[in-house]
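Chemist: Pasting a structure here, questions to come.
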Amino acid sequence: MIRANAARALLAAALALALPAAALAHHGWAWTQDEESRLAGTIEAISLGNPHARIELRTEEGVWRVDLAPPAATARAGFVEGVAKVGDEAIVTGHRSRDPNERAFKAETVTVNGKTYDVYPNREKTLQPTS
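Counted from 1, the sequence shown has number 76 at position 76 by our numbering; the numbering is strictly sequential.
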């Protein structure tokens, strides 16, 4: 009985430590924080699902995975189904992956069809969405 209670307590402690670590890993900022970047290209794919909306953007450097905000925040910004489609030209501003070999980008703004969608309106930005 004591052994079973100890095993349950140990399992509960392990779960209590593991769950916050998993959440932190998902929400960790694996992007450059010191400078904003801009990418321009053609949309190859769009997903507005969880955990984050995403577009694939073909640039001169290749295809980039561009993560947007979670679906609810993306929708609040007005970036909803139908505002962009595969083949549209888009400009995104935000932060590149810290890994220079990875074509991954965390967008703060998306400009498509002449309209800019600010999916993270409370973040300070140093770049204008288009120029």
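Every residue, glycine too, gets a C-beta built ideally from N, C-alpha and C.
#1: Let me know the secondary structure DSSP gives ARG76 once reduced to three states.
#2: Which one of GLY78, ASP118, VAL112 has the shortest CA to CA distance from LYS106?
#3: Could you compute how far the alpha carbon of SER47 sits from the alpha carbon of ARG8?
#4: In chain order, what residues of the same chain have a beta carbon less than 8 Å from the beta carbon of VAL83, not counting five sequence neighbours either side?
#5: Would you mind sorting THR109 into buried or exposed? The rule is 16 or more other CB atoms within 10 Å of its CB.
#6: So what does DSSP say about ARG8, is it helix, strand or coil?
#7: At the level of alpha carbons, what is the spacing between ARG76 and GLU60?
#8: In angstroms, rounded to a whole number, what distance separates the CA positions of THR126 and GLU36?
#9: GLY94: buried (16+ other C-beta within 10 angstroms of its C-beta) or exposed?
#10: Along the beta strand (DSSP E) that carries ARG58, what are the first and last residues, could you check?
#11: Residues bridged to LEU39 by DSSP?
#12: Would you mind working out which of PRO71, TRP64, ARG38, THR42 sits nearest PRO51, comparing C-alpha positions?
Modeler: Looking at the atomic coordinates:
#1: Residue state for ARG76 is assigned as helix, using DSSP reduced to three classes.
#2: For the set GLY78, ASP118, VAL112, the Cα lying nearest the Cα of LYS106 is the one of ASP118.
#3: Going from the Cα of SER47 to the Cα of ARG8 covers about 41 Å.
#4: VAL112, ASN113, LYS115, TYR117
#5: Buried is the call here.
#6: helix
#7: So the alpha carbons of these two residues sit roughly 31 Å apart.
#8: 7 Å
#9: buried
#10: 54–59
#11: Note: LEU39 is bridge-paired with VAL92 in the DSSP secondary-structure output.
#12: Distances from the alpha-carbon of PRO51 to those of PRO71, TRP64, ARG38, THR42 put PRO71 closest.
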